[in-house]
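Everything below concerns the one structure shown next.
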Amino acid sequence: MKVRLVSVYNLFESPPIGLASLSTYAKEYGGFKPEIVDGYYCRDLFKKIQQDKPDLVGITSDSVLYEDATVLAKRIKEEMDLSIVVGGPHITTLPQSLRPVFDAGIIGEGEQTFLEVLESFESRGSLDGGKEIKGLVYWRKKKLEFSAPRELIMPLDKIPPIDYSLLDKRHFRRKPLSFDYRPGIEGNMFTSRGCPYRCVFCSGAQLYKHPRFFSVDHVIEEMKTLIEKYGCNHIQIWDDMYTISKKRMRDIAQKMKEERVQERCVFSVQGRVNHIDKEVCDILKDTGVTMLSFGFESGSDRILRYLKKESVSAEDNRKAIRLCREAGFYIAGSLIFASPGEKLEDMKKTLEFMEYAQKEGVMNMRCYILTPFPRTDVWEIAKARGLVSEEMDFRKLGMFNIEDPPFLDPGINKGEFKKLFDMATKKGYQMSGGVRRMFLAKLADEPLNVIKRALRNPRRAVAYLRNLFGRRDLS
Ligand code: B12
Ligand code: SF4
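For the sequence shown, position 358 (counting from the first letter as 1) is numbered 358 according to my numbering, and the numbering increases by one without interruption.
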């Protein structure tokens with residue numbers, strides 16, 4: 001049986017690890033060989049599907065890309081009449097939004113559910129019989145039905161180490177590394193799934209509520225594969241919450257030393273500021289970590305406590321930066337503007353925080369508008385205000401809604417906000433020249449690709465360049 005797993009990704013050159021995991025699992029437990037069609041590299045996804053003529057297509061999609069996923073599915077349905085399933089963060093958090101072009105949506109962790117879908121499809125030749133497979137939303141007589149919920153995979157090691165050969169080889173070409181922009185080969189991996197926190201804007205933690213961990217041996221095996229087989233000299237650990245347990249970080253560091261892993265590769269992780277102390281910095285250094293990124297979110301204590309449910313203060317943000325700077329890590333971060341009830345004074349505190357971060361050598365700070373993703377606290381607020389719905393155009397949740405931020409306080413003039421946000425974005429890009437260096441490295445690395453992408457959306461390209469090379473001061 002021929003199966004294709006498609007990512008409609010087109011903005012970031014980052015590997016679809018979720019699809020690779022589904023495919024690895026389906027091969028290990030069912031002997032299936034789903035191949036991945038990677039939307040970053042494949043310019044015409046429909047044509048590729050037409051050439052490959054699969055029996056079944058699976059598409060991964062977050063909310064922003066749900067419209068693109070729907071358009072592709074519609075064309076495949078109309079012109080090829082194939083069975084199509086959709087999975088990923090969007091359908092998991094808003095299964096009621098399944099569209100008729102999809103035969104079924106896979107809710108939550110997909111490995112076991114997808115395997116059972118393949119087995120059922122192989123024996124029946126269709127997706128009928130969804131009810132017996134847990135974790136599905138599907139159509140029956142033009143009505144949406146749900147099967148029983150799928151339990152999480154336990155222990156997580158039941159999922160085999162990812163077969164990275166399933167990914168497009170170009171993910172492992174030499175390119176500017178994301179931490180210091182020197183050329184190198186980058187790998188991405190997970191050592192855990194889930195996060196115990198419940199920040200009001202995050203649907204990530206809704207996917208796998210409580211953290212589950214791959215064993216240390218599993219983690220080291222993936223690291224060694226990436227280094228020895230794919231030549232990676234920088235690995236990004238994409239866990240939601242790598243810094244949750246000191247003991248586990250220590251165990252991983254110990255094993256890495258035994259296997260001499262960190263002599264051959266450097267690592268970056270996402271941290272949470274309230275986990276950072278001198279001991280954690282020492283363990284991370286021992287693990288070969290050179291870069292940490294944080295969701296700092298705001299410089300205003302009031303807003304920060306709202307966004308992160310009292311778990312972090314503005315001083316925690318500053319302290320984490322100080323400690324990481326003393327330990328010699330590259331530091332990157334992100335910020336959120338236009339939260340419910342946020343006043344201009346709060347935003348100015350965030351700008352002051354950016355000044356502080358810049359003085360402490362933080363490399364870059366990405367600025368975002370608070371966006372109501374499904375099944376988050378802020379989605380509920382936006383829904384009550386009639387701003388979002390299950391039938392909406394989900395492209396509106398894209399990250400460039402600067403003209404009309406959904407939660408901007410009515411007391412703030414939109415023009416004034418835009419000016420302030422532009423200033424912050426510019427500042428974040430230019431901080432220590434980090435993003436500027438990245439852009440120049442990318443331009444030197446693949447000039448034609450950069451120019452082609454700029455020509456596809458010239459207005460956005462001009463705005464990006466103005467932010468990158470414009471004036472530096474905030475006054
Ligand atoms: C790594 C990551 C990124 C990376 C790379 C993404 C990539 N290549 O996959 C980068 C940095 C590029 C990125 C960017 C963004 N991201 Co992001 N990202 C993540 C993160 C941390 C991990 C994703 C991942 O790989 N998980 C591991 C794999 C194993 O899980 P998975 O992909 O979900 O797949 C499993 C299931 O979902 C399911 N499944 C998935 N697809 C399919 C398909 C089929 C057919 C089947 C059967 C099953 C199935 O089975 C898989 C195995 O169990 C998640 C948070 C999280 N914990 O998931 C956020 C997350 C996915 N990102 C999110 C967002 C919002 C974004 C941005 C829009 C942020 C922004 N404002 O800029 C951008 C833009 C993305 C875009 N569309 O253009 C949200 C999505 C929310 C939503 N409802 O859409 C998440 C959930 C985080 C959050 N804050 O809530 N992201
Ligand atoms: S933003 Fe980070 S810490 Fe907060 S809930 Fe999401 S993954 Fe957890």
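Glycine residues also receive a C-beta, built at the ideal position from the N, C-alpha and C atoms.
Margin query: Between residue 184 and residue 174, how many whole angstroms is the CB-CB distance? I'm expecting something under 8 Å.
Written below: 6 Å
Check: Counting Cβ pairs closer than 8 Å, one from the region 438–448 and one from the region 370–387, do we hit at least three?
Finding: no
Check: CB-CB under 7 Å to residue 341, same chain, minus the five flanking residues each way: which ones, in chain order?
Finding: 409
Item checked: Contacts around residue 289, its chain only, beta-carbon distance under 6 Å, and the 5 residues preceding and following it disregarded -> 267 and 269
Notebook entry, point to check: Can you give the Cα-Cα distance for residue 369 and residue 220, rounded to whole angstroms?
Noted result: 37 Å
Check: Within this structure, are the beta carbons of residue 144 and residue 96 separated by less than 8 Å?
Finding: yes
Next item on the list: Report back the beta-carbon spacing between residue 29 and residue 115 to the nearest angstrom; my notes put them in contact at under 8 Å.
Entry: 6 Å
Next item on the list: Leaving aside the five residues before and after residue 476 along the sequence, list all residues of the same chain whose C-beta is less than 7 Å from its C-beta, in chain order.
Entry: Residue 476 lies beyond the residue range present for the chain, which begins at 1 and ends at 475; the question has no answer from this structure.
Note to self: For a test of the three-state rule: what should DSSP assign to residue 412, helix, strand or coil?
What the structure shows: coil
Item checked: Anticipated Cβ contact below 8 Å, residue 47 with residue 2, distance rounded -> Rounded, the Cβ-Cβ distance is 16 Å, inconsistent with contact.
Item checked: residue 103, buried or exposed, once every other Cβ within 10 Å from all chains shown has been counted against 16 -> buried
Next item on the list: Tell me where the beta strand (DSSP E) around residue 1 begins and ends.
Entry: Residue 1 -> no beta strand (DSSP E), and no H or E assigned at all.
Margin query: Just verifying my parser: in three-state terms, what is the DSSP assignment at residue 330?
Written below: strand
Margin query: Between the alpha carbons of residue 37 and residue 379, how many angstroms are there, rounded?
Written below: 31 Å
Next item on the list: Could you work out which residue in 393, 425 and 234 is closest to residue 355 when comparing CA atoms only?
Entry: 425
Checklist line | Boundaries of the alpha helix (DSSP H) in which residue 104 is found, first to last residue | finding: Per DSSP, residue 104 belongs to no alpha helix (DSSP H); it is in the beta strand (DSSP E), 104–106.
Margin query: At a threshold of 7 Å, does residue 240 count as lining the ligand SF4 (C-beta to nearest heavy atom)?
Written below: yes
Margin query: Let me check one thing: in DSSP terms, what residues is residue 367 bridge-paired to?
Written below: 335
Item checked: Buried versus exposed, by CB contacts within 10 Å (16 or more), residue 427 -> buried
Margin query: Could you check whether the Cβ of residue 352 sits closer than 7 Å to any heavy atom belonging to the ligand B12?
Written below: no
Checklist line | Burial state of residue 90 (16 or more Cβ within 10 Å) | finding: buried
Next item on the list: Using the Cα positions of residue 25 and residue 350, report the straight-line distance between them to the nearest angstrom.
Entry: 44 Å
Margin query: Here's the rule: buried if 16 or more other CB atoms are within 10 angstroms of the residue's CB, otherwise exposed. What is residue 284?
Written below: buried
Notebook entry, point to check: Where does the unbroken alpha helix (DSSP H) through residue 268 begin, and where does it stop?
Noted result: Segment 266–271 is the beta strand (DSSP E) holding residue 268; no alpha helix (DSSP H) there.
Note to self: Which residue wins for smallest C-alpha separation from residue 362, given the options 94, 4 and 294?
What the structure shows: 294
Check: So is the beta-carbon of residue 90 under 7 Å away from any non-hydrogen atom of the ligand B12?
Finding: yes
Next item on the list: Let me know the secondary structure DSSP gives residue 397 once reduced to three states.
Entry: helix
Next item on the list: Determine, using beta carbons only, whether residue 138 and residue 226 come nearer to each other than 8 Å.
Entry: no
Next item on the list: Have a look at residue 389 and residue 93 and give me their C-alpha separation to the nearest angstrom.
Entry: 13 Å
Item checked: First and last residue of the uninterrupted alpha helix (DSSP H) at residue 216 -> 216–224
Item checked: Contact set for residue 193: own chain, Cβ-Cβ below 6 Å, skip 5 residues either direction -> 208 and 212
Check: How is residue 9 classed by DSSP in three states: helix, strand or coil?
Finding: coil
Next item on the list: Have a look at 314, 51 and 282 and flag the residue whose alpha-carbon is nearest the alpha-carbon of residue 254.
Entry: 282
Item checked: CA-to-CA distance, residue 64 to residue 405, given in whole angstroms -> 16 Å
Check: Looking at residue 41 and the ligand B12, is the gap between the Cβ and the nearest heavy atom below 7 Å?
Finding: no
Next item on the list: Kindly examine the ligand FAD and report whether one of its heavy atoms sits closer than 7 Å to the Cβ of residue 205.
Entry: Although the ligand FAD was asked about, the structure shown includes only the ligand B12 and the ligand SF4 as ligands.
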